[in-house]
Structure formats: structure tokens, C-alpha cells
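Protein chains: 2
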Amino acid sequence: MKNTMIAQSGGPTAVINASLAGILDTAFAGNDAGEVYGGVHGIQGIIEGDVISLSDRFKGDPQKLKQLYYTPDMYLRTCRYKLKNPDEDSSDYDKILETFKKYDIGIFIYIGGNDSMDTVARMSEFVKAKGEDIKVVGVPKTVDNDLVEIDHTPGFGSAAKYVATSVREIILDTCIYPYANVSVMEIMGRDAGWLTAAAALAVPEGCSARPLLYLPEAAFDSDKFIERVRKETEEHGYAVVAVSEGVRDRDGNYISASETKLDKFGHLQLSGTGSVLADRIKEEIGCKVRDIGLSSAQRSAGHCASDTDRKESFKLGQNGCRYALEGKTGVMACLKRTGNSPYEVEYSSEDVLNIANKVKGVPMEWIDLENAFVRQEMINYLRPLIQGESDIPYKDGLPDYIFEEF
Amino acid sequence: MKNTMIAQSGGPTAVINASLAGILDTAFAGNDAGEVYGGVHGIQGIIEGDVISLSDRFKGDPQKLKQLYYTPDMYLRTCRYKLKNPDEDSSDYDKILETFKKYDIGIFIYIGGNDSMDTVARMSEFVKAKGEDIKVVGVPKTVDNDLVEIDHTPGFGSAAKYVATSVREIILDTCIYPYANVSVMEIMGRDAGWLTAAAALAVPEGCSARPLLYLPEAAFDSDKFIERVRKETEEHGYAVVAVSEGVRDRDGNYISASETKLDKFGHLQLSGTGSVLADRIKEEIGCKVRDIGLSSAQRSAGHCASDTDRKESFKLGQNGCRYALEGKTGVMACLKRTGNSPYEVEYSSEDVLNIANKVKGVPMEWIDLENAFVRQEMINYLRPLIQGESDIPYKDGLPDYIFEEF
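Protein chains in written order, with the numbering used here: chain A, 1 to 406; chain B, 1 to 406.
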């Protein structure tokens, strides 16, 4: 019987550790997963041999596993590391295989987004080509909700719940003044506007105004934007704007103040879109404007996670481990929505080659361009994903998250 | 029997409406408070005759009163309106009196911060001088915690709990990378560093790093700051900075990018301190930096309110109404801490003249300048204020706040 290695990669979410807890739950339930190890800092840590025993740390300790289940961000730390084409340079792969052999690994489970699924695809092909009996399985996560083949990504529902909750509170905070007042909230999502769309859920019962939503899928027109904000402040006395960090003008230029930089995957690093728009409103309309940049708080707000999301993330972790134990490799744990009222999902495994490096944007027909809002189809899609509040453990007034240094 | 008028003023908190609910609870309990009215948009609304009946809207509806109790921000809306010296210009006072007479008001309760307590003091003096039998009472609120005579202000504990929760989640979000990483969080508090200090509570058990805290009470040294962040990233691989929006250099200049403007009370309007420091770290250290500006989300996060704070706010509202019914005027409902373990407070009324326009900063001996942190006395002071999670009502995945348009 061989052993199991798990690692986490990419940006955090509120529920990646719930997936890790799900994998551990299934791995510890029988004996077929062997000893369970964690690669610290994703595939980069495995290359460098940075490995800890998760069996030692969690097996036989359901209380600690429960604490992990509720802890946001990434217990095993992360990396942003892109494997090269092994035909050109196989040195990373050789080092990974060395670590796998050292720990007698038969199962490798990688929790991550579309870049990480590229790693799953490449590693799965590589070990197959080498004739090694190692099953490589992906477990999805990303607040961006931009993976294909899956109805929605784990982590998205929690970020959406936090965004909708915060926007609702900001609506209540913005509508109270006897003079025109605007709040601009920059929302995460480089290329996909799913999280910005979640602000649509925020509208309180009895409120006649709507937040103005700007998704990166549609070209951003600065003049129309100012016109719309002006109309809103004239009609309602206030406006709340939720704008994706990745909105671009008609020519494809980012509406961002700061210079654009490339991250290690060649993605543009953006910031400042909200500030640019806040300044523009101040200049052109001259009213009071607040620039709210929740930034990474959106992806790490474990205290406001969706219970639906957390449970699904746990289940996807369990399934990922089960698929590997059943001998599957090169697959990602997946879910499809089979009903919306009542909300129901079906779980399955999908070929990771169909998922890696692909991006799912918001369908244009779900965007209501004229009203800077979204259509009912989007509301119906989003609503079930934010349902349920998890009963997270508190200690001394704060969420009692697990934190270990290795 | 005369009637009661209530209004809210200044910036929102998560629990001002809990004070409003407390006032209504006491006013509705007997018959001595008469009909209860609300001035919409504070004293400015009362000048303009913008009044609604709160008896009509809440009396005999405990469910709705409970919803109000849990709703952040200001049900009755707000204003920032400074009354002039009545000896120079009494026109506002005359209009207020006109509204009071129209509704046969015998009690006026104003919920607000130190500017609002100035209004309470002036109104109380004015009606006395006019020989009118109107009791004027203040109920405190402000996330800044900068009122004198009171141990801590209602609203502060909830903002502190939200800040500490968010900083804890950001610590977990920042520590996960295999390369140096810094998060900079700008915290509210123009002149008082109480809320920034609350970030000290965020440190998770088992974490050897501390967030770096910069309060406005101490002069900010940019070179020392960079040196400290560099040391932190070298030792721990990451740093989390919590900086007050109001920090100033040795010469008293704000560390703020944007031009400074004056609000209606002559206070400086600040923003951008966090962005300035984030840019400076990028330039001088060259590592990855996230600039997190929670802004008004800090004061309106009802979903993360402190139950201790909410209960005290309700009680202070009840007391404010009771003091007025007992015939007191020119007083503010107050609380003093009488014990810390167990935490206990005593309620009292204090002369509003001792409170209006005064500001309570953080004592310098509670700041640990060398370590950019706070001393144990501050931790002991803060800890009881964030205790308890309120069981807020949820509907369809989001907090079920009351929202009415008038």
C-alpha cells in the first residue's frame, strides 16, 4: 500500500481547507490511502522536498479536523508555479518524482484553480509516461468561478456571500445622508464578473435603488458611467457602484490607475480601478465619494462563508480522494446543478484536460447593460450558492481558526 | 402628557439602531413618553420639519423592533449639521422649536458622537433659556471610541470585532506565499487610534508574527516603517500592517496621497494613507503588496457585530429614555467599567457639557512604539468589548436588515 500527498495552490478562498478536511476524512476512513503527507507551498514545495505528515497532525483528532474545516485560506500554504513542458525541461518533474518516491506516494491530490489543473494534467501525463503507478487528481477552488465543466467553483459561493453582505451594509451606510453620496466598491475577478454580479443579491427588501454593476465581460464606457451615477444620485440621493477590478474600455485598456504588471503566469496584476472611478465621480459630479477596496478580504472571509459552499467543498475533497482510491487519474472532482428549487447537485469526475487553462466568463445575455445590473437568470443562478451560515467556532470573541507554522 | 422625538446624527455604526430600539422599548413600555416621532436626517431634518411617527411604525410589533435591533447604520438617516451660537443666529433653533411645538414634544433624544453632543448641549441650554419644558438627552455612538467620560463608545466594540476578524483573516491570507508578501490595511480613526489598536487582537494562537500597528497618536517615521516591514518580511516571510487613516509625520503632515479637504465641521477628510504606504513598500522593498481599504465597511458590519456592544447600546438607549422621563436634561447616557474579569459596567448619566467637542485619544503608555504594537493594558481594555456573536436573523443567505424609504 502506497501513501498519499496533498498540496494547495493559487489564491486562497474561505473553504479550500474544507476540501483538505474532506480529503483527509476519506483518506483516514480506510487504510488504502496509507500515510497522508502535505506538500508545503504547493508543487514548488514538493520540488524542494518541503513535506509534512498530515496523518501525524490530524489522524484521530476529529476536533482539529473540524477546526481545519472552518479555517479560511490555505493550511498547507501556496505557490504560483507553472510547470514547464517536460519535453523541453523535465528537471522539475524529476525532482517531484524524487519526493514522491521518497515518501512512497501512490496518490497526489492538488487543490487549485485552472493553473493548478494544468499542473494536474501535466503531472498525470508525466507519471503515466514514466510507467509510475501514481494517481493524480485535482480538487477545484477559486473565488473567480471561472472554471469550465463545473457548475460553480468551491470558494465562489462564500466570496459571493461576503460581497453581497458587504454591499448590503454599504447600501445602508450610503443612503443615509441629506446630500448626494456615492460608494464605489472594487470587486475581485480579473476576467470574469461572477463575483461582481453577486452584488445584485445585496438589494434589501423595500429598497427602490439598485447597485450599479460593471463586469469585465462588457466594455466600460466612462461617460455613460458618470451619466448613470449622476442619474442615480438625482433619483435616489445616493449610488452604490460595484466594479470588477478587471473592467476595460472599448479598446481593451484597463481602467486602472496603477501601472499594470505581469504575475508569474503572465496574468496582468491590477489594482486601483475603484480609486480611478471614485476620483472621476468626485471630479465630474463633485459629490462625496467613498472608495472601498475589500481586496483579499473577499476571498478569506471565513467568518461569512456560505454553508452550502463549505459543505460542497468538503464533499469535493472527499470525492477527489475516493476517485484516486478507485484508480482514476488525470481527473478533477466536479459538480453539476440538477435542480434549482430545490437546489440540487450531482457529483462526478471530469477529465482535467477539458478544464486546465480554460476560463468561463459570464454569458453576455445574463448582463443587463442598459441598467448596469444583471438579469433574473443570474440572480437565480447565484442565490442558492450563498445559502446557509456555518456555525464556526469562536474563542474570545474571534473565529477560532487553526494556525500552525512549519 | 407630551411626546418624544428621536434623531440620529454623525457617521454610522453597526449598533446605533440597537440604541434606537432601546429608546423605543422604554418609550413604548409606559405611556409617559407619549407618541414617539423620528426626525429624519438628524437635527437638519427637524429644522426642515421632516418627521415620521415611530409609534405607527414600531409600537406593538416586537418582531420589527427586533429586526431594527440587528440592523446596522441609521434607520432615521443622518446629517452633519453644526448649530450656530444662538446669540449670533437663532434661526435654526427657532425652526427646531417650531417643529417641537407642532408635535408637542417634551423629550428630545439625540443619538450621536461628540459633534452631536454639542447639539444636545446647545439645545438643552436653548429650551431652558426659552422656559420650554423639553428634556434633551444624548445617547452616545461612534466607532472612533473618542468620547470622554465614557469607558468606551457604543459601536466601537463591533467595529473592533470586525477589524480584528478581518485582520486575522488577512494574516492567514498573507502568510501563505513562498516569497515576501505584505498586506496594508487602512483603519478608520481620524485622531484616535483605538480601532487600529484592535488589530492587536487578531493574532491567531500559534502565530509568532505580529501585525504592525501605526496609531495617529504617535508621529509616523517613514524610514523606520520601511525598515520594520523589511525586518518582518525577512524574519517571517510576510508582514501585515494596520495603519490609521490619520497618521502624521513629525511635522504634523498627514501621510495621505489625496489632497486634504475640510468637512462641514472643519475636520480634515482623509483617504489614501494605506495606498501611500503600500506604494512606498513596493518601491523600497520591491515585494508583493496588497492595499486593503475596508473603509466604511468597518462601521457598518452588522453581520460581525459584538453582542456585548449591541446589548450595551440597547441598554444605553433604554437609559437615555428613562433619564428624560425622570426629568433629566443636558445629560448623556454613560457607562463606566467596574471590573474586567468578569467584565462589568455601571450605567449613569453625565453632564453633556463635559463631553461635547472633546476627544479621548489612546494613552501614549499603551502604545509599544519600538515594536509597532500595543501594550498588554490595551489588549486587556479591548478584549471584553468584542465578546459575543449576535444571532442576527438571516433570510435567503443574507442578513435580514430593516430598510424603509420615507
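Think of the CB as a built atom: it goes at the ideal place given N, C-alpha and C, for glycine as much as any other residue.
What number of angstroms, rounded off, separates the C-alpha of Ile46(B) from the C-alpha of Cys79(B)?
In a straight line, the C-alpha of Ile46(B) is about 11 Å away from that of Cys79(B).
Contact set between the segment 142-165 of chain B and chain A, restricted to residues whose Cβ is under 7 Å from the partner:
Only those residues of the segment 142-165 of chain B whose C-beta falls short of 7 Å from the nearest C-beta of chain A are listed: Lys161, Ala164, Thr165.
What residue ranges within the segment 198-258 of chain A form continuous alpha helix (DSSP H) runs of no fewer than 4 residues, ordered along the chain?
Correct list: 222-236.
Check whether the segment 155-164 of chain B and the segment 303-320 of chain B are in contact - that is, three or more C-beta pairs closer than 8 Å.
They touch, by the three-pair rule.
What did DSSP end up calling Ala18(A) once you bin it into helix, strand or coil?
Residue state, collapsed to three classes: helix.
Simplified DSSP assignment, three categories, for Gly189(A):
DSSP, read as helix, strand or coil, puts Gly189(A) in coil.
Just list the beta strand (DSSP E) runs in the segment 61-145 of chain A, keeping only unbroken ones of 3 residues or longer that don't cross its boundaries, in chain order.
With a minimum length of 3 residues, the continuous beta strand (DSSP E) runs that stay inside the segment 61-145 of chain A are 105-112, 135-140.
Lys224(B) versus Leu212(B): straight-line alpha-carbon distance, rounded
Distance between the alpha carbons of Lys224(B) and Leu212(B) is about 12 Å.
Note the first and the last residue of the continuous alpha helix (DSSP H) segment covering Arg168(B).
Taken as a continuous stretch (DSSP letters only), the alpha helix (DSSP H) holding Arg168(B) covers 156-174.
Using a Cβ-Cβ distance cut-off of 8 Å, determine whether Cys304(A) contacts chain B.
For Cys304(A), the closest Cβ of chain B is nearer than 8 Å.
Based on the DSSP output, what are the partners of Val40(A) in its beta bridges?
None; Val40(A) has no bridge partner.
Quick check: is the beta carbon of Pro399(B) nearer than 8 Å to any beta carbon in chain A?
Look at Pro399(B): its C-beta is under 8 Å from a C-beta on chain A.
Starting from the C-beta of Tyr75(B), find all residues in its chain whose C-beta is less than 7 Å away, skip the five residues before and the five after it, and write them out in chain order.
Here Tyr75(B) has Asn17, Leu20, Leu68, Ile402 as same chain residues with Cβ atoms under 7 Å from its own Cβ, once five neighbours each way along the sequence are excluded.
Under 8 Å, do Ile111(B) and Ile134(B) count as touching if we go by C-beta distance?
A distance of 8 Å or more separates the beta carbons of Ile111(B) and Ile134(B).
When the Cβ atoms of the segment 321-331 of chain B are set against those of the segment 119-137 of chain B, are three or more pairs found closer than 8 Å?
Between the segment 321-331 of chain B and the segment 119-137 of chain B, the count of Cβ pairs shorter than 8 Å is three or higher; the stretches touch.
Where Glu389(B) meets chain A, residues with beta-carbon distance less than 7 Å
Those within 7 Å of Glu389(B) in chain A are Tyr394.
Interface residues of chain A around Ile435(B) at Cβ under 8 Å?
What is shown of chain B runs 1 to 406, which leaves residue 435(B) out entirely.
Taking the C-alpha atoms as reference points, what is the distance between Ser53(B) and Asp391(B)?
The straight-line gap separating the alpha-carbon atoms of Ser53(B) and Asp391(B) is approximately 28 Å.
Of all Cβ atoms in chain B, is any one closer than 8 Å to the Cβ of Ala180(A)?
No, Ala180(A) lies away from the interface with chain B (no Cβ there is under 8 Å from its Cβ).
Beta carbon proximity, Met5(B) to chain A, threshold 8 Å:
Proximity of Met5(B) to chain A, defined by a Cβ-Cβ separation below 8 Å, is not satisfied.
At the 8 Å Cβ level, is Pro62(B) part of the contact set with chain A, yes or no?
So, not an interface residue.
In this structure, does DSSP put Thr308(A) in helix, strand or coil?
Look at Thr308(A) here: in three-state DSSP terms it is helix.
When DSSP labels each residue in this structure, what does Phe373(A) get in the three-state scheme?
Phe373(A): strand per DSSP, three-state reduction.
For Gly10(B) and chain A, any beta-carbon pair shorter than 8 Å?
Taking Cβ atoms only, chain A never reaches closer than 8 Å to Gly10(B), which makes this a no.
From the DSSP output, in three-state form, read off Met1(B) for me.
Coil, per DSSP.
Could you give the residue range of the alpha helix (DSSP H) that holds Thr407(B)?
Lying before the first or after the last residue shown, residue 407(B) is absent from chain B, which here runs from 1 to 406.
Whose C-beta lies closer than 7 Å to the C-beta of Glu284(A) among residues of the same chain, with five residues either side of it excluded?
So the list reads Ile226, once near-sequence residues are dropped.
Which partner residues does Val331(B) have in the DSSP bridge list?
DSSP lists Val137(B), Asp351(B) as partners of Val331(B).
With 9 Å as the limit, tell me which residues of the segment 78-94 of chain B have their beta carbon closer than that to any beta carbon of chain A; keep them in chain order.
Those would be Thr78, Cys79, Arg80, Tyr81, in chain order.
In or out: Asp61(A) buried (at least 16 other Cβ within 10 Å) or exposed?
By the Cβ neighbour-count rule, Asp61(A) is exposed, with fewer than 16 other Cβ atoms within 10 Å of its own.
Over what stretch of residues does the beta strand (DSSP E) that includes Arg290(B) continue unbroken?
288-292 is the span of the beta strand (DSSP E), which, as asked, contains Arg290(B).
Determine, using beta carbons only, whether Tyr69(B) comes closer than 8 Å to chain A.
For Tyr69(B), no Cβ of chain A is located within less than 8 Å of the residue's own Cβ.
By a C-beta neighbour count over all protein chains shown, 10 Å radius and 16 as the cutoff for buried, is Tyr70(B) buried or exposed?
Within a 10 Å sphere around the beta-carbon of Tyr70(B) sit 16 or more other beta-carbons, which makes this residue buried.
Tell me whether Lys360(B) is buried or exposed, calling it buried when 16 or more other Cβ atoms sit within 10 Å of its Cβ.
So Lys360(B) ends up on the buried side.
Does the Cβ-Cβ distance between Met117(B) and Gln298(B) come in under 8 Å?
The answer is no: Cβ separation not under 8 Å.
Go through its chain and collect everything with a Cβ distance to Pro12(B)'s Cβ below 6 Å, but skip five positions before and after it.
Apart from sequence neighbours up to five positions away, the residues of its chain that approach Pro12(B) with a beta-carbon distance below 6 Å are Asp73, Met74, Arg299, Ser300, ordered along the chain.
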